[in-house]
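Participant: One structure coming up, written as structure tokens, with questions to follow.
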Amino acid sequence: MKISQMLIEYASDYIGMASTIEQKQSHLNAACSAWNISILPKHQRRNALNEYIKSYKRYNPNQNDVSHVKHDMELLIKRKLKMFPEIKKPIVNAEIREKDGKYSIFAASIRNE
Numbered sequence: 003m004k005i006s007q008m009l010i011e012y013a014s015d016y017i018g019m020a021s022t023i024e025q026k027q028s029h030l031n032a033a034c035s036a037w038n039i040s041i042l043p044k045h046q047r048r049n050a051l052n053e054y055i056k057s058y059k060r061y062n063p064n065q066n067d068v069s070h071v072k073h074d075m076e077l078l079i080k081r082k083l084k085m086f087p088e089i090k091k092p093i094v095n096a097e098i099r100e101k102d103g104k105y106s107i108f109a110a111s112i113r114n115e
């Protein structure tokens, strides 16, 4: 199965919560970050998630409460681990495109297996 198909299966509900293409891309980016955190050794995930939240705050200074972001990321990490525990490929790029009212996801990963 292609990594883009796995992303759709694992994160389509989350991506679908966004209304604009820009918001959908932002949700896709978050889903990819959660995916990449999930493939880290278990003892490194908490620190990686905290670093992600710090970065999110830096790029979104008007967001005072980021607890929802952390919550969403934790859910995405758990979901990836449940759905695709054996897949350890990091996602290096992902893009959502719209054509004729339909969305497609294109993704690239690194083969490390």
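Each residue of the sequence shown is one higher than the one before, counting from 3 in our numbering.
All residues carry an ideal CB built from backbone N, CA and C; glycine is no exception.
#1: Looking only at C-alpha atoms, which of Ser35, Ser40 and Met3 sits nearest to valine 94?
#2: Less than 6 Å between C-beta atoms, sequence neighbours within five positions excluded: which residues of the same chain meet that for lysine 72?
#3: Thinking alanine 33 and leucine 78 are a contact (beta carbons under 8 Å), I'd like their distance in whole angstroms, please.
#4: Sort Glu24, Ile10 and Thr22 by Cα distance to methionine 106 and report the nearest one.
#5: Excluding the 5 residues flanking lysine 4 on each side, which residues of the same chain have their C-beta closer than 7 Å to its C-beta?
#6: Can you tell me whether arginine 99 is helix, strand or coil according to DSSP?
#7: Measuring straight from C-alpha to C-alpha, what distance separates lysine 84 and leucine 42?
#8: Which complete alpha helix (DSSP H) runs does the segment 51–98 hold, if anything under 4 residues is left out?
Facilitator: Reading it off the structure:
#1: Residue mapping note: residue 94 aligns to position 92 of the sequence shown, counting from 1. Nearest of Ser35, Ser40 and Met3 to valine 94, Cα basis: Ser35.
#2: Residue 72 sits at position 70 when you count from the first residue of the sequence shown. Same-chain partners within the cutoff: Ile55.
#3: One-based indexing of the sequence shown puts residue 33 at position 31. One-based indexing of the sequence shown puts residue 78 at position 76. Yes, alanine 33 and leucine 78 are in contact; Cβ-Cβ is about 6 Å, under 8 Å.
#4: Here residue 106 is taken as the residue at index 104 of the sequence shown, counted from 1. Per the sequence presented here, residue 106 reads as serine, with methionine not at that position. Out of Glu24, Ile10 and Thr22, Ile10 has the C-alpha closest to the C-alpha of serine 106.
#5: Here residue 4 refers to the residue found at position 2 of the sequence shown. So the list is empty, once near-sequence residues are dropped.
#6: On the sequence shown, residue 99 is found 97 positions in, with the first residue counted as 1. Arginine 99 falls in the strand class under three-state DSSP.
#7: Your numbering for residue 84 matches position 82 in the sequence shown. Your numbering for residue 42 matches position 40 in the sequence shown. Straight-line Cα distance between these residues: approximately 15 Å.
#8: 69–85
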